[in-house]
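One structure below.
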Amino acid sequence: MTILVTGGAGFIGSNFVLDWLRQSDEPVVNLDALTYAGNLENLASLQGDARHTFVKGDIGDRALVDRLLAEHRPRAVVHFAAESHVDRSIHGPGAFMKTNVEGTFTLLEAARAYWGTLADDARAGFRFHHVSTDEVYGSLKPEDPPFAETNPYEPNSPYSASKAASDHLVRAWHHTYGLPVVTTNCSNNYGPYHFPEKLIPLMIVNALAGKPLPVYGDGQQIRDWLYVTDHCSGIRAVLAGGRVGETYNIGGWNEKANIDIVKTVCALLDELRPSPEGSYARLITYVKDRPGHDRRYAIDARKIERELGWRPAETFETGIRKTVQWYLDHPEWVARVQSGAYREWLDKQYG
Ligand code: NAD
Ligand code: TYD
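According to our numbering, the stretch in the sequence shown is residues 18 to 368, in order.
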């Protein structure tokens, strides 16, 4: 038995591969294009481990995907590969359409062709697990209940629109062709190997460098934060026991305003790496808001708990402390991801 993971050199994908191989000996074939967000260093501990086969390539390369499926005969595809950053999607939506929409289409077609060649048992057991986001549901008002799986799709950014499109393709490939799919829609993740263009790691690395901590708009936007290994265990639970054709929301029951996240990161750094210049909170700087900025996301994660017994293991307090400590313990990882391309992004976004 083998699984094919796409995007397994990115933030969540690499955590998933590491977590998977800690829990089982089932081999992983990892297809990743190594865009700016993909980093083989995340997988350095797997060097020489025969259970992990890394393949550099694009999910949109049909011939390559066909070859990998035929060679490795996976029992499941777990699809993480995507362009994932909302701010980048505002500057350049094209890459999001290419990978998230066209790439998912190509992967679905390749999976469908391969699945059609399987014997009955293998056909019934096969899964195409699509990893998606809560952002497809749009933005909540303060008094709204959290997102349930039945919420209508109302994506507002080029990123969320591209993910919504991919979710619809996955759904259609099940309804039309019978492909055994499951989809998970998860809230904001945080933890080790998070690329420092996203809120939490950006605040940690900027604070340590004595740079401004840019808070968009009034900082009162709310996200529901989930520690990344809890997302990984949720995916494992759905892959193992989720009902075919269903979607499952995964969330941390941790709604927090951005400004409170930033203040928490500052307080932890004050404790763990105090600065002679005073609290890191002095670096908090309110900047221009993100266009079309969604005000609030929150996940109702009762379905996955009811059907599969999954709940997050980390609280926000335990997860954020581990995360800050991880960045303090891995200055060389941080230094290496802050390459020229990363600096160009900071200039473009923050001036
Ligand atoms: P990421 O940007 O850190 O990693 C994406 C990975 O995909 C990278 O390794 C990149 O090299 C690879 N990739 C990009 N285009 C590719 C292509 N065309 N072919 C092959 N590989 C390609 O993203 P992430 O934060 O790890 O997110 C992973 C998945 O989870 C995405 O589908 C994202 O939409 C979803 N998701 C993320 C979050 C979050 O908070 N980060 C929350 C919910 C869902
Ligand atoms: P982000 O990590 O980009 O995730 P997403 O947009 O997918 O939720 O941003 C999380 C929140 O933090 C979002 O409301 C935007 C905000 N934010 C800032 O205030 N400043 C920043 O520099 C960044 C990157 C994000």
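Even for Gly, the Cβ is constructed at its ideal location relative to N, Cα and C. In this text, all values refer to a predicted model and were calculated from it rather than measured experimentally.
- At least one heavy atom of the ligand TYD is found less than 8 Å from the C-beta of L219.
- N205 has its CB nearer than 8 Å to a heavy atom of the ligand TYD.
- Linking R129 to S356 through their CA atoms gives a straight-line distance of about 39 Å.
- Closest by C-alpha distance to D235, out of V199, L243, G227, A274, is A274.
- For Y303, the uninterrupted beta strand (DSSP E) segment begins and ends at 301-304.
- Every unbroken stretch of the alpha helix (DSSP H) spanning 4 or more residues and falling wholly within the stretch 327-364 is given here in chain order: 333-346, 348-354.
- Annotation: A274 is outside any alpha helix (DSSP H); the continuous beta strand (DSSP E) that includes it extends over 272-274.
- Under the three-state reduction of DSSP output, T19 falls in the coil class, being neither helix nor strand.
- Secondary structure of P231 (DSSP, three-state): strand.
- Looking from the CA of E331, the closest CA among E349, L243, S174, T150 belongs to L243.
- Under the Cβ criterion (8 Å, minimum of three pairs), the stretch 75-84 does not count as touching the stretch 54-67.
- Closest in C-alpha terms to A136, from the list S174, G309, R92, D151, comes R92.
- The beta carbon of D247 is closer than 7 Å to those of G269, P329, A330, E331 in its chain, skipping five residues each way along the sequence.
- A check of alpha carbon separations from P110 across A127, A358, D66, S177 identifies S177 as the nearest.
- About 6 Å separates the beta carbon of V341 from that of V282, a gap short enough to meet the 8 Å contact definition.
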